[in-house]
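First the structure, in the form of structure tokens, and then the observations on it.
Numbering (the UniProt record's numbering), first residue to last: 1 to 493.
Next up, the structure:
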């Protein structure tokens with residue numbers, strides 16, 4: 001049996017899935033990934049731990065599928081984007097912990113650059129905004145705060161990468177230092193129209209060019225690994241949200257997917273021309289094949305599934321994630337509790353790094369059920385904000401079907417409320433691990449086993465369509481309550 005291995009390195013776990021050549025999952029392995037919070041607003045990972053976990057789950061998934069290296073046509077890698085690693089070129093040893101995409105330590109740097117008038121240039125070249133979310137200011141912080149790092153970088157002794165580059169470097173035992181266009185587009189350093197590193201931006205962020213990986217297509221020969229018992233080609237790489245877009249078969253302009261993991265990320269495919277946003281969304285590369293780039297508008301929400309984790313680990317009011325939906329269904333309809341989960345600031349379309357979370361509307365009758373409902377509702381209401389902004393940027397979008405995936409998509413209660421608030425159908429696929437599916441798909445395309453984007457997608461099948469049932473007046477009232485709550489927690493408010 002021919003296999004395609006997908007390595008899905010996420011914010012809270014590392015997973016590998018072995019797919020057959022028809023993209024049917026055959027075996028899975030997963031290891032939780034600890035996060036480190038050394039001070040408020042800082043979020044870090046142990047990069048070496050990420051690599052050892054990745055190697056372990058690849059080996060386990062391959063063994064569980066009953067295969068060997070000889071059965072594997074290729075590996076596809078997908079990853080938490082923007083998380084930044086700096087390591088020694090000679091030894092492959094990280095020079096410090098990875099700074100996670102959620103980390104807000106560089107908010108003052110971003111504000112200073114914005115105040116100096118640099119955001120217009122950054123947005124014009126990269127499609128992004130000046131925010132701590134992205135990699136460039138994280139990398140700059142590392143160079144300035146790790147002893148000897150800047151001097152070593154200028155001597156060409158260090159490598160920078162997002163998690164894809166880090167894993168590729170280690171899997172190929174230091175032979176390949178490369179990234180793909182979708183991950184490169186999240187650094188604040190890539191001109192998304194040319195697909196090349198931008199000299200002016202490197203100067204602005206004080207980044208030595210010698211640090212940077214080579215930028216390649218999403219489906220390309222990325223080298224080989226011999227760490228799984230034989231030589232296996234690495235044939236695909238994409239950031240997790242772009243991989244999910246491909247896994248959801250959102251190939252045509254106007255198609256949209258939303259992934260509900262730790263955060264929530266909605267991508268609207270817009271075609272081969274980038275669409276600038278006037279509503280503080282991101283213009284990003286959806287995928288690049290054969291040197292041709294396809295673009296998307298993206299809305300990024302920092303807290304989605306993380307709100308449920310907080311209910312479990314922070315408040316202790318649920319024991320398992322699934323209980324949130326069960327309690328939400330029991331909530332008193334007369335209690336109108338709103339949770340704004342701005343634990344690390346607000347993402348799109350607000351981009352308010354200083355905002356902090358709040359629970360509003362509490363009464364003496366409010367309890368666990370109402371707080372659980374508010375946490376789940378917050379995810380749908382944030383999604384409504386994103387889609388409203390997308391419609392203003394790209395009016396052709398209309399009331400399109402939303403394809404959903406990620407851990408929270410398994411909650412029928414949450415997906416039904418999402419359809420109700422959006423007033424549009426929500427489609428959940430059979431294979432909900434679409435991030436890994438997209439990575440395997442890219443490897444399959446490069447291996448010649450699968451057709452590239454554009455034709456009929458044979459790997460996407462519908463599990464359930466959630467149709468809106470809430471009156472639009474009620475949905476509008478709920479959304480207005482939410483927007484009032486957001487205004488109350490914003491730093492400018």
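Each residue gets a CB set at the ideal place from its N, CA and C atoms; glycine is no exception.
Length of the line joining the Cα atoms of residue i and residue j
i           : j           : result
residue 132 : residue 106 : 5 Å
residue 35  : residue 98  : 10 Å
residue 53  : residue 31  : 7 Å
residue 146 : residue 389 : 39 Å
residue 112 : residue 138 : 15 Å
residue 201 : residue 122 : 7 Å
residue 195 : residue 282 : 16 Å
residue 493 : residue 340 : Confidence in residue 493 is poor, its pLDDT being 46 and thus under 50, which makes the residue's placement unreliable; the coordinate value appears in the next sentence. Taking the straight line from one Cα to the other gives about 14 Å.
residue 381 : residue 460 : 27 Å
residue 134 : residue 63  : 36 Å
residue 243 : residue 342 : 26 Å
residue 143 : residue 150 : 5 Å
residue 304 : residue 27  : 27 Å
residue 310 : residue 485 : 19 Å
residue 435 : residue 43  : 23 Å
residue 338 : residue 362 : 8 Å
residue 414 : residue 38  : 33 Å
residue 489 : residue 344 : 12 Å
residue 119 : residue 73  : 43 Å
residue 260 : residue 240 : 12 Å
residue 325 : residue 223 : 44 Å
residue 78  : residue 336 : 39 Å
residue 491 : residue 110 : 16 Å
residue 376 : residue 70  : 45 Å
Top-ranked residue by Cα proximity to residue i, from the options
i           : options               : result
residue 278 : 370, 65 and 395       : 395
residue 401 : 45, 274, 252 and 442  : 252
residue 263 : 245, 407, 255 and 210 : 407
residue 297 : 286, 341, 10 and 304  : 286
residue 90  : 174, 59 and 313       : 174
residue 157 : 265, 25, 87 and 71    : 87
residue 257 : 489, 325 and 424      : 424
residue 386 : 266, 127, 38 and 222  : 266
residue 289 : 458, 226 and 217      : 217
residue 419 : 433, 467, 393 and 376 : 467
residue 100 : 80, 219, 377 and 433  : 80
residue 168 : 178, 42 and 22        : 178
residue 193 : 225, 125, 172 and 250 : 125
residue 476 : 140, 463 and 421      : 421
Residue i beta carbon near the ligand MG (any heavy atom closer than 7 Å)
i           : result
residue 460 : What this structure holds is no ligand at all, so the ligand MG is not there to describe.
Residue i classed as buried or exposed, judged by whether at least 16 other C-beta atoms fall within 10 angstroms
i           : result
residue 190 : buried
residue 237 : buried
residue 478 : buried
residue 85  : buried
residue 66  : exposed
residue 205 : buried
residue 248 : buried
residue 40  : exposed
residue 427 : buried
residue 308 : buried
residue 255 : buried
residue 219 : buried
Opening and closing residue of the alpha helix (DSSP H) in which residue i lies
i           : result
residue 152 : 149–154
residue 483 : 472–489
residue 371 : 368–393
residue 439 : 434–446
residue 181 : 181–184
residue 414 : 412–422
Residue i - containing beta strand (DSSP E), residue span
i           : result
residue 30  : 25–32
residue 161 : 158–162
residue 265 : 264–271
residue 53  : Note, residue 53: premise wrong, no beta strand (DSSP E); alpha helix (DSSP H) at 47–64.
residue 239 : 232–239
residue 9   : 3–9
residue 79  : 72–79
residue 298 : 292–301
residue 354 : No beta strand (DSSP E) holds residue 354; DSSP gives it neither H nor E.
residue 283 : 282–289
residue 108 : No beta strand (DSSP E) contains residue 108, which is instead part of the alpha helix (DSSP H) from 107–115.
Worksheet item: How about the segment 6–14 and the segment 48–64: do they share at least three Cβ pairs that are nearer than 8 Å?
Response: yes
Fill in: Segment contact, 8 Å Cβ cut-off, at least three pairs: the segment 215–233 with the segment 442–456
yes
Practice prompt. Would you be able to state if there are at least three C-beta pairs under 8 Å between the segment 151–166 and the segment 207–218?
Written response: yes
Worksheet item: Do the segment 406–420 and the segment 361–369 meet, that is, are 3 or more Cβ pairs less than 8 Å apart?
Response: no
Worksheet item: Do the segment 54–71 and the segment 4–11 meet, that is, are 3 or more Cβ pairs less than 8 Å apart?
Response: yes
Discussion item. Could you check whether the segment 288–306 touches the segment 257–276, counting it as contact only if at least three pairs of C-beta atoms, one from each stretch, sit closer than 8 Å?
Written reply: yes
Worksheet item: Are the segment 434–442 and the segment 341–353 touching, with three or more C-beta to C-beta distances below 8 Å?
Response: no
Discussion item. If contact is defined by three or more beta carbon pairs under 8 Å, each pair taking one atom from either stretch, is the segment 353–364 in contact with the segment 407–421?
Written reply: no
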